[in-house]
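Here the sequence shown is numbered in UniProt numbering, starting from 1 and rising by one per residue.
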Amino acid sequence: MAFITANWNPLGEAFYRKSELYEMCWDLKDGLRECLVAAAPFGGPIALLRKPLRCSPSSRPKLEIYSASGFAITSFPWKSGPLVQLGWTVSDELLCVQEDGSVLIYDLFGSFKRHFSMGQDVVQNQVLEAKVFHSPYGTGLAIVTGSSHFTLATNIEELKLRRLPEVPGQVLQGKPLCWAVLVQDRQIKVLLASGPEIYILDDTSCCEVRPPWVSSQAGSIIHMCVSFNFKYLGSFSLTLDTCFTASFDLQNKLSETDTKRLSAPEQMAWCCRLNSQQPSVVLLWDRLLMVAGVCNDTIQFPIDDECVLVREMDGVRILSTRSHELLQEVPLVCQDIFKIASMAPGALLLKAHREYEKSSQKADEYLRELKEQSMLEEAVKQCMGAAQYEYDPQTQKSLLRAASFGKCFLADFSADPFVATCRELRVLNAIRVSSVGLPLTYPQYPHLFKHLTLPVLIDRLVYRQLYPLAIKVCHYLKIPDFHGVSRVLRHWAVCKVQQKDLSDEAIAQAVCLKVGDSPGFSYSDIAAKAYECGRSELAIKVNENASQKLIEQVPLLLKMKRSHLALSKAVESGDTDLVVSIFWLIVNDDGTRGDFFMTLNQPVALSLYKQFCKLQEQETLKDLYNQDDDHQELANYYVSASYREKERIDIRLSLLQSAVDEYNKAKNDFAAKATEDEMRLLRFQRKLDEEKGAGLLGGSLQATMEALLALGLHKQAEQLFRDFKVPEKRYWWLKLKSLAEKEEWEELEKFSKTKKSPIGYLPFVEVCMKSNNKYEAKKYVSRVTPEQKVRAHLAISDLEGAADAAIERRTESEIGVVLSRCSASDRLLIDRLNRARSSAVKK
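Dropping the structure here:
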């Protein structure tokens with residue numbers, strides 16, 4: 001216990017400890033002084049821009065990226081413009097801010113991702129200083145230009161540039177002494193110091209604020225820093241050698257500490273744990289690291305190496321050429337357990353467990369004391385809580401064993417929190433090792449999961465290509481496959497297909513064996529990546545592994561101009577809509593259309609394509625039928641095309657003649673003769689249109705005859721009747737209806753006497769009655785056959801005649817029909833019909 005508190009340093013009522021995270025593996029002979037340094041939050045990677053050793057036009061600075069433990073990840077010469085600032089996003093992407101306002105973004109391995117600009121006016125005035133910051137809205141960037149203008153991007157993923165209002169008067173002359181970015185009231189603001197005054201710049205205004213706790217003798221503020229949660233502001237006045245701390249609204253002073261240093265600090269950073277009541281500021285000089293607390297007291301750490309401070313949510317990381325340390329306030333639960341002579345429940349339980357391991361009866365005494373005071377459950381929770389904040393695995397084990405020992409004596413204590421703590425600490429210890437280099441603290445671990453949508457811890461392992469460890473963590477934390485193992489395998493497969501030293505067959509086989517049927521994994525996405533890298537054959541091999549998802553294979557094959565293979569996959573999938581969608585793509589792509597017909601060697605595909613062309617691509621049908629020498633279908637195509645031609649009769653006749661020729665080749669004599677008849681009809685219609693203006697062109701044979709009869713052109717109608725061998729019954733019906741509609745009753749009577757009617761005379765009666773001409777209808781009743789007499793008399797409402805005809809024929813059904821038409825007043829007629837029916841039944 002004394003060993004644990006050996007590096008504790010008191011500051012007011014709090015304690016601070018500086019623990020070594022790693023002995024750095026990098027070799028920085030020239031130190032950090034001449035480097036541009038940026039370290040990502042949450043124990044992320046470190047970027048260094050080294051200036052060249054010799055000053056010559058051909059020498060270039062070198063950009064290097066390391067893990068938090070100093071393992072080299074990548075390095076490359078910087079060939080772009082002069083850099084002003086480096087910074088990291090929350091997803092471990094490196095931002096490189098240039099003097100011209102261009103921001104280049106690289107991934108963890110130095111691969112260029114994208115770029116954006118901070119505005120055209122920045123190109124002219126140059127960037128003097130830039131700050132990368134993180135807020136609830138994402139990773140942001142703020143710059144100040146040579147014209148003393150501030151430009152702000154709240155979230156670089158959804159870039160919207162905001163130019164802040166100008167600072168009035170002579171406040172800014174060149175580069176500002178100090179400024180900081182603050183998130184306040186859901187707004188991103190800039191704090192700018194000028195002398196003892198502080199200016200607050202937001203979207204609409206620039207307000208001057210003179211904090212009430214700053215005296216007129218304070219002089220210029222030359223350093224400012226904002227806490228991780230944006231609740232506190234720290235400032236340094238060189239005139240008074242004083243460090244001030246205040247609340248974010250600048251109204252309440254927290255402390256005023258005389259540093260007794262005659263020079264300005266190189267860096268300032270806030271160091272406070274979550275919900276701390278005693279936050280402090282860390283100041284860095286050439287050979288001194290100072291912690292200034294709200295108690296107006298300080299802790300001083302002599303240093304003999306160049307250092308860089310990295311602000312974290314629960315402390316400050318200290319980078320040097322030889323070590324990587326973490327300075328943080330000791331959590332209260334750790335203070336309660338490990339303070340000398342502590343009688344806290346957790347301290348007593350830890351002592352009880354140590355005595356138990358020694359087989360000492362003192363263990364029973366400690367346990368009895370905890371039980372009597374009802375503090376055993378609290379003791380277990382304290383030991384678990386302290387284990388979470390300890391960095392040393394042996395200390396964690398000691399505390400967790402004590403907690404496990406204590407919970408055995410509790411009847412209703414849930415083991416779930418204990419199991420969760422053990423699981424999370426095991427994961428944290430696995431990623432903290434030097435070979436991985438992710439020194440996440442326990443408070444940072446849930447913060448990542450709480451504020452970001454995806455398991456960022458897995459992302460960080462994947463981005464570092466630590467795939468086996470990432471998969472083990474996914475299984476251990478029971479992360480769903482879609483967000484866990486499948487995402488890891490997908491990233492691994494993308495990297496695999498980009499390896500140039502392996503053959504296509506070897507890579508495809510490795511991906512297939514490794515991935516198998518993992519849920520949520522898309523082979524098509526990996527194949528698309530292989531195609532983007534110029535490896536078409538590899539893309540096809542990987543794509544074929546998506547056997548259960550044929551639909552996903554087709555888009556990539558079309559993109560690769562492999563229409564034949566795409567069509568085969570679409571047909572195999574059984575999805576006709578997918579096949580038709582391929583046809584659409586080919587129709588709109590002239591580059592593949594010429595060769596496409598050669599791929600239609602599958603009956604199903606060919607049949608679907610013909611159906612598609614009938615609806616969408618009529619012209620293409622002719623090419624298909626010509627290619628297959630399908631004379632029958634080609635003739636049908638010409639006939640359909642002739643009907644679509646509405647304007648020019650000569651083109652229509654030409655198409656029909658082509659159809660006749662194709663029908664003859666197909667030995668379809670009936671269709672050929674019918675088409676020739678259609679041509680004769682068209683010529684006849686054209687002639688009549690030219691002579692009479694009848695407007696008959698394009699009508700059917702029956703419609704033409706009806707039109708001729710309606711126009712009174714009976715001779716022409718009879719000519720069609722003879723020439724086209726129209727059935728006599730049809731012709732009589734057409735002429736009968738035409739004369740009746742025109743009420744040409746004399747002509748109708750003459751027509752009925754030309755010869756014996758092939759349709760009988762009942763139709764004459766009916767068409768006359770349809771025109772309400774009973775007089776003319778009676779003329780034809782006597783000529784009706786006996787079988788139709790009853791219907792004829794009933795048609796003209798002659799019940800007596802209908803009764804006579806029915807009685808004469810002695811047909812029960814006809815007698816019944818006449819009876820159904822009689823009314824109550826026809827009593828005599830009804831009796832007569834009933835007697836006739838009775839007689840017909842007996843007979």
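Where a beta carbon is used, it is the ideal one built from N, C-alpha and C, also for glycine.
Distance check between D630 and each of R652, A641, E662 and S658 places E662 closest, using alpha-carbon atoms only.
Three or more beta-carbon pairs separated by less than 8 Å link the region 503-522 to the region 475-495, which places the two stretches in contact.
Annotated three-state conformation of R186 is coil, per DSSP. Contact between I303 and L309 is absent: CB atoms are separated by about 11 Å, not below the 8 Å threshold.
For K18, DSSP records a beta bridge to L327. For I649, the uninterrupted alpha helix (DSSP H) run begins and ends at I649 to K665, by DSSP.
Note that the C-beta distance between A38 and W88 is below 8 Å. Secondary structure of L696 (DSSP, three-state): coil.
For Y643, there is no enclosing beta strand (DSSP E); the enclosing alpha helix (DSSP H) has its first and last residue at H631 to R644. Burial is judged here by how many other beta carbons sit within 10 angstroms of a residue's own beta carbon; Y137 has fewer than 16 and is exposed.
Taken through DSSP and simplified to helix, strand or coil, S194 comes out as strand. Burial state of E746 is exposed, judged by a 10 Å Cβ sphere holding fewer than 16 other Cβ atoms. Per DSSP, the unbroken beta strand (DSSP E) holding I65 starts and ends at K62 to Y66. In its chain, beyond the 5 residues on either side, R17, K18 and S19 have a beta carbon closer than 8 Å to the beta carbon of N7. Per DSSP, the beta-bridge partners of S235 are M224 and F244. By alpha-carbon distance to S117, the top candidate from Q98, M769 and D798 is Q98.
When the beta-carbon positions are compared, F684 and L711 stay at least 8 Å from each other. Burial is judged here by how many other beta carbons sit within 10 angstroms of a residue's own beta carbon; N636 has at least 16 and is buried. Bounds of the beta strand (DSSP E) holding T151 are F150 to A153. For L502, no beta strand (DSSP E) encloses it, and the DSSP letter there is neither H nor E. Annotated three-state conformation of G385 is helix, per DSSP. Cβ neighbours of H223 within its own chain (closer than 7 Å, five residues either side excluded): C178, S235, F236, A264, P265 and M268. Scanning its chain for C-beta atoms nearer than 7 Å, with the 5 sequence neighbours on each side dropped, one finds around E728 the residues P758, in chain order. Nearest C-alpha to F71 among P77, A47, G81 and S59: A47. DSSP lists G315 as the bridge partner or partners of E312. Inter-residue distance for C474 and V436 is about 16 Å (C-alpha atoms, whole angstroms). DSSP places E93 in the coil class of the three-state scheme, outside both helix and strand. According to DSSP, K131 shares a beta bridge with A142. Non-local beta-carbon contacts of Y780 in its own chain, meaning distances under 6 Å to residues more than five positions away in sequence, involve Y761, F764 and V765 in chain order. Remark: C-beta atoms of L438 and A130 do not approach each other more closely than 8 Å. C-alpha of Q716 to C-alpha of E633: approximately 35 Å in a straight line.
In this structure, A411 keeps its C-beta atom at 8 Å or more from the C-beta atom of C383. Annotation for M769: A777, A795 and I796 place their beta carbon closer than 7 Å to its own, counting only its chain and skipping 5 residues before and after. Secondary structure of N668 (DSSP, three-state): coil. Taken in chain order, the complete beta strand (DSSP E) segments of 3 or more residues contained in the region 75-125 are 83-88, 94-98, 102-106 and 112-117.
Pairing L21 with F521, the inter-Cα distance amounts to about 37 Å.
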